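Protein chains in written order, with my numbering: chain A, 4 to 431; chain B, 4 to 431; chain C, 4 to 431. Cβ atoms here follow ideal geometry from the backbone N, Cα and C, with glycine treated the same way. Predicted model only: the values in this text are computed from it and were never measured. Data first, discussion second: the structure below is written as structure tokens.
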Amino acid sequence: MGQAIYMLACRLFPICRSITGKGVRDTIRIMRDYIDVECREVPSGIRVFDWTIPDEWTVRDAYVKDSSGRKVIDFSASNLHLMSYSIPVRRVMPLAELKTHIYTLPAQPDLIPYKTAYYTDAWGFCMAHREFLKLRDDVYDVVIDTEKRPGHLVYGEYLHAGASKKEVLLYAHICHPSLANDNCSGLALLTCLAAYMKAASTHYSYRFIFAPGTIGSLAWLANNEHRLSDIAHGLVLSCIGDGAVPNYKRSRRGNTMIDRIAACTRCGDESIPLTIKDFSPYGYDERQFCSPGFDLPVGLLQRSAFGTFPEYHTSADNLDFIRPEHLGTSFRMVKDMIDALEGNWTPLNLSPKGEPQLSKYGLFSVIGGHKTNSDRTLAYLWVLNLSDGHNSLLDISERSKMPFSEIAAAAAALLEVGLIANLGFTEQ
Amino acid sequence: MGQAIYMLACRLFPICRSITGKGVRDTIRIMRDYIDVECREVPSGIRVFDWTIPDEWTVRDAYVKDSSGRKVIDFSASNLHLMSYSIPVRRVMPLAELKTHIYTLPAQPDLIPYKTAYYTDAWGFCMAHREFLKLRDDVYDVVIDTEKRPGHLVYGEYLHAGASKKEVLLYAHICHPSLANDNCSGLALLTCLAAYMKAASTHYSYRFIFAPGTIGSLAWLANNEHRLSDIAHGLVLSCIGDGAVPNYKRSRRGNTMIDRIAACTRCGDESIPLTIKDFSPYGYDERQFCSPGFDLPVGLLQRSAFGTFPEYHTSADNLDFIRPEHLGTSFRMVKDMIDALEGNWTPLNLSPKGEPQLSKYGLFSVIGGHKTNSDRTLAYLWVLNLSDGHNSLLDISERSKMPFSEIAAAAAALLEVGLIANLGFTEQ
Amino acid sequence: MGQAIYMLACRLFPICRSITGKGVRDTIRIMRDYIDVECREVPSGIRVFDWTIPDEWTVRDAYVKDSSGRKVIDFSASNLHLMSYSIPVRRVMPLAELKTHIYTLPAQPDLIPYKTAYYTDAWGFCMAHREFLKLRDDVYDVVIDTEKRPGHLVYGEYLHAGASKKEVLLYAHICHPSLANDNCSGLALLTCLAAYMKAASTHYSYRFIFAPGTIGSLAWLANNEHRLSDIAHGLVLSCIGDGAVPNYKRSRRGNTMIDRIAACTRCGDESIPLTIKDFSPYGYDERQFCSPGFDLPVGLLQRSAFGTFPEYHTSADNLDFIRPEHLGTSFRMVKDMIDALEGNWTPLNLSPKGEPQLSKYGLFSVIGGHKTNSDRTLAYLWVLNLSDGHNSLLDISERSKMPFSEIAAAAAALLEVGLIANLGFTEQ
């Protein structure tokens, strides 16, 4: 599965996305090879809360030529070279003027930074600082062949229908150009997850949204305000393809079921706990879902946290930075979280006075004494001990500090042999 | 006192105990030199909750001889050599077959492990891995002269009657053979404590139980189910004779008075705080007392925690591993906990506006300025400050983070000089 | 301001203060150059709660001469040489007898300790241990020209009247002789603060009290018992002029507004958080304010905590130990705490659905992408996110872990542009 996600990410990587324009449409078109994602359009000029849908931005070409005619900056080499939403320019100018429009990273001199200017009229180029230092005192031909004109903001939406109309929101931002972890990784993982889930019958309905950062989630919220009460749980995914210990940021409410499940989830074969961080209003689109007027139970899941890794928003966030194996462990982690949402029932111990004799049921070794107890045995004991009718499997996972998946497997085995009963599913 | 406990442990050590049989009876007989412990019998075949009392096991001899007639394993050298509850065997067999019944510890090659097979029909020998490697390819004469037949499970019970019918349960498991810390230490300490308390008038009644692990505590629970509501507090003791920082594991409820007292208790002359651990359903007989159908306020007190020390369940858990001085500090620690149960009253400051002038009462040095305040003075200040009628001595010990014994001594002195009044005793 | 506070501390330093007598009167007289502090008198012999106002102590001279007529100890060289409240002595005595009245610090052999004997009849000298060792076996002429006779205990009181009759208590003890940090620093800082506040209109009234330790605060409490319910917040200041990370000790209640504000305050240009300590009944006059009969919301603010620094209560606590720059940062810290008391209002987000487009209001950079977010931007986001009508600025500061001053500045800017409304001031 990690390999499949990686291959999709590779297909999405070269596209020059922005918050509007052809890039987003091309990205959704590729996703449609996997799932029937709907393409929603919102016209430029429409108000969404405190914002206005901007004009649609089209980029055809952009470069800077020196007086010898050599292209010293060329959009076709990397779409990061052009600041996103740059206005058209076609002028000759001296180096001194050009320099006021060039962004570099002196501390990371080989990397091209990623810059945007969505809600203003500006233009700029981004380049490696080492290349920047080589620019001679010359007269440069600056060409930015772009266009901003009324059109549409576009986002993708896909619904996996479950038994309940209560929904789980799964969101990835679609507005970044050739940046692999941020967020080809999230787009590819959610697309493959949606495809994988086609075969599954679920309790919840799962709503996958692929929308431009901020303005896209706001547009979705504005279009769906009447039924936000159906959102039972949600997760924003980004930067999910590198090898760091996963980071989960709690929802604004701080103790919703998805927050609690994240703390009971483990990652990879080494079963590493996620680093759990309190909510803060800075980040990705969970900012909008968790604004005080909505306050939805939506968390943010990442491997490396945005803004903290050196590759962040630079040309080093490329296809070498994300790995199939990490995408695979991230996928399993998200799937485990969904399994926990789907499988949080409340057990009742039918033999609550003392421990039952587990060896009678084939659940305990008949030879005792000098040995370490297995995790599975410990999970049996925890489930039995806490199955007083007041604790769901999630409660038991929290108190035992054991992974939800381990507790759920133990509970299934105890249910099978008749030692516990199922008092029912907990939706929230 | 440490010396007396150690001497009793030395008497108990050689006996080959198991969950039934002569070893338990012999152990109780020795205890009767100290206290009038009653010997309770429960017939084989009786159901106790999900379990059945097993047949009584008798061991007369067990050995393995090589073809030259030399005993290469001999039960009479160490009762750990025979896996507990081994069925009778009297056969000649090649090394290859014998090996499938031998348990060793390759990582601790000089130690004999302790193994059991209570609830199945199996047999086995335990030996040092270094000796195991010396076994030649030979034909061996295997003799296990044991017997399992209907009889009784036996446990000891002793009541120290106090003014109240509310009881404090003190429990040590009696089923381990020649293992000194686990649990000759607990048996000897509780026996000596019961003898020591004969002279004392107490509020609570104290019920001492010496029973085989799991099946013994279950049998006691089954016999006493009608009056479990009288158990106000309880403590399981094991591995209480080594020199480690004591470990206390909270009861299932997690914040009962005995749990709170453990956190306010100190050990030894260095006044070391106990390491307090949250409840977990793995351990000794507190598992049964804390099962969801009973949920009694019973904690586990140990020095080294079971399973964590290299000597655990091996021949290295011998009389050199436990020390009179450690048994002495453990005794004082348990006695301090009992003193706290017996002495948790609520003080009322009779001079609550400002501090009283302690030097008037001889409770404060008249020379001030450059000096460290003594712990006793600090204890006076804490008791006075928190004696608003809402805090018991235990509450004060918790908030001040001072040992209960220190707070209780300060409160006694303040009561004596009339600065506080006693609003009464808190039973729970 | 640090310089001004330091200069006042320098004027107060040489005076020989004690809990009664000329030193306190002289100190208040100097303060009157800054503010109209009232001098309150309480006659000797009056009961205050469990205490009695002692006789007034006057010291004229004190020395020890050796047989050659040389003064080996001389009060006029340092007022620390004489134990405070020493009774008159005029006797010749051998070294052996003299030694029983001499206090030294063997571990700090160059420093003179500070000792007191307020509520007894005793006498003593304090000296450097190195000088003590030089005393020859001689006959010494011991002269202590002091007097204890009925008079008055004196304390200073100054009220800055605000709009409300609810008061903020600001307290510094006035009874220590030539010790700079403990507490010329506190006396000088509060005096300069009171002078500085003359120009300010405040909501609260601010009551400044300069009184002798323990007996002085008790006397004030006894005189004002009928209106203690007006004390809304309070702070005891001492040891406030050295360079340590500030220490704040919570009030007895533990979560009053002043306690919460202390945790949201920062010190100095490096914005260092205060070390917050739980209440304990040992310390300065907060002991009396926080006794169970009053239980006022009063905390203790210090730089180095009393008793923990080597200069404490020795001659090394001199004018070199306190520094103008530290007094300046301490002043700003106290002022920030007062600003928080005065400025804790509750904002309401008028654009609560999603984030408002901050760049429209000039509150966010129009160029995005690779950059660290500024603290101010983060403060905008926190205020907007938590302005649901249920959170005051102090609540927001606590949850965001950002300094109150930063949150307050952000809220002021958001209010200015109309993104939030002010739902009103929180008094407690």
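Asked, Found
"Whole runs of the beta strand (DSSP E) within the stretch 176 to 229 of chain B, excluding any shorter than 3 residues", "208 to 214"
"Nearest-angstrom Cα separation, counted from Thr61 (chain B) out to Thr432 (chain B)", "Here chain B covers residues 4 to 431 and nothing more, so residue 432 (chain B) does not appear."
"Helix, strand or coil at Pro327 (chain B) according to DSSP, with G and I counted as helix", "helix"
"Close-in-space but distant-in-sequence residues of the same chain around Pro211 (chain C) (CB under 6 Å, 5 per side omitted)", "In the sequence under discussion, the amino acid at residue 211 (chain C) is Phe, which differs from the Pro named in the question. These residues qualify, in order along the chain: Tyr161, Leu173, Leu193 and Ala197."
"Beta strand (DSSP E) runs contained entirely in the stretch 313 to 391 of chain B, provided each spans 3 or more residues", "348 to 352"
"Partners in chain C for Gly352 (chain B), counting only beta-carbon separations shorter than 7 Å", "The question names Gly, but residue 352 (chain B) in the sequence shown is Asn. Going along chain C in sequence order, the residues near Asn352 (chain B) (Cβ under 7 Å) are Pro295."
"Top-ranked residue by Cα proximity to Ser21 (chain A), from A:Gly257, A:Glu170, A:Arg402 and A:Thr217", "A:Thr217"
"Per DSSP, the bridge partner or partners of Val142 (chain A)", "A:Pro97"
"Counterpart residues of Asp245 (chain A) in DSSP-defined beta bridges", "Its beta-bridge partners do not exist; DSSP assigns none."
"Per DSSP, cross-strand counterpart(s) of Ala65 (chain B)", "B:Ile147"
"Contact set between Arg290 (chain A) and chain C, taken where Cβ atoms lie within less than 9 Å", "Gly357, Glu358, Leu384 and Asn388"
"Collapsed DSSP secondary structure at Asn250 (chain C) in the structure displayed", "strand"
"Extent of the continuous alpha helix (DSSP H) run through Gly5 (chain C)", "Gly5 to Leu15"
"Pick from C:Leu190, C:Leu231, C:Asp262 and C:Asn425 that is closest to Leu15 (chain C), judged by C-alpha positions", "C:Leu190"
"Closer than 8 Å to chain C by CB, Asp53 (chain A)", "yes"
"CB contact below 8 Å: Ile410 (chain C) versus chain A", "no"
"Local Cβ density within 10 Å of Asp140 (chain C), reported as buried at 16 or more and exposed below that", "exposed"
"CB contact below 8 Å: Tyr251 (chain B) versus chain A", "no"
"Where Leu381 (chain C) meets chain A, residues with beta-carbon distance less than 9 Å", "Ser283, Pro284 and Tyr285"
"Rounded distance between the beta-carbons of Pro295 (chain B) and Asp391 (chain A), thought under 8 Å", "4 Å"
"Cα-Cα separation, Arg290 (chain B) to Glu358 (chain A)", "7 Å"
"The stretch 397 to 417 of chain C contacting the stretch 307 to 318 of chain A, beta-carbon criterion three pairs below 8 Å", "no"
"Spatial neighbours of Val67 (chain B) in its chain, beta-carbon cut-off 6 Å, leaving aside the 5 residues before and after", "Val75, Ile76, Tyr143 and Val145"
"Meets three-Cβ-pair contact criterion under 8 Å: the stretch 165 to 183 of chain C and the stretch 89 to 97 of chain C", "no"
"Pairwise C-alpha distance: Ser89 (chain B) and Arg2 (chain B)", "Residue 2 (chain B) is absent from the structure shown; chain B starts at 4 and stops at 431."
"Proximity test, Cβ basis, 8 Å: Ser400 (chain A) and chain B", "no"
"Neighbour list for Gly371 (chain B) in chain C, Cβ cutoff strictly below 8 Å", "Lys118, Thr119, Ala120 and Tyr121"
"For Phe282 (chain B), the three-state DSSP class (helix, strand or coil)", "coil"
"Sub-8 Å separation of Gly165 (chain A) and Thr103 (chain A) beta-carbons", "no"
"Segment contact flag, the stretch 396 to 407 of chain C with the stretch 261 to 279 of chain C, C-beta cutoff 8 Å, min 3 pairs", "yes"
"Alpha carbon of Leu422 (chain A) to alpha carbon of Tyr121 (chain B), nearest angstrom", "22 Å"
"Residues sharing a beta bridge with Phe428 (chain B), DSSP", "B:Trp348"
"DSSP state of Gly435 (chain A) mapped onto helix, strand, coil", "The structure shown has nothing for residue 435 (chain A), since chain A only spans 4 to 431."
"Whole-angstrom distance between Thr278 (chain A) and Ser368 (chain A), CA atom to CA atom", "35 Å"
"Neighbour-count burial assignment, His84 (chain B), 16 or more Cβ in a 10 Å radius", "buried"
"Any chain A beta carbon closer than 8 Å to Leu224 (chain B)", "yes"
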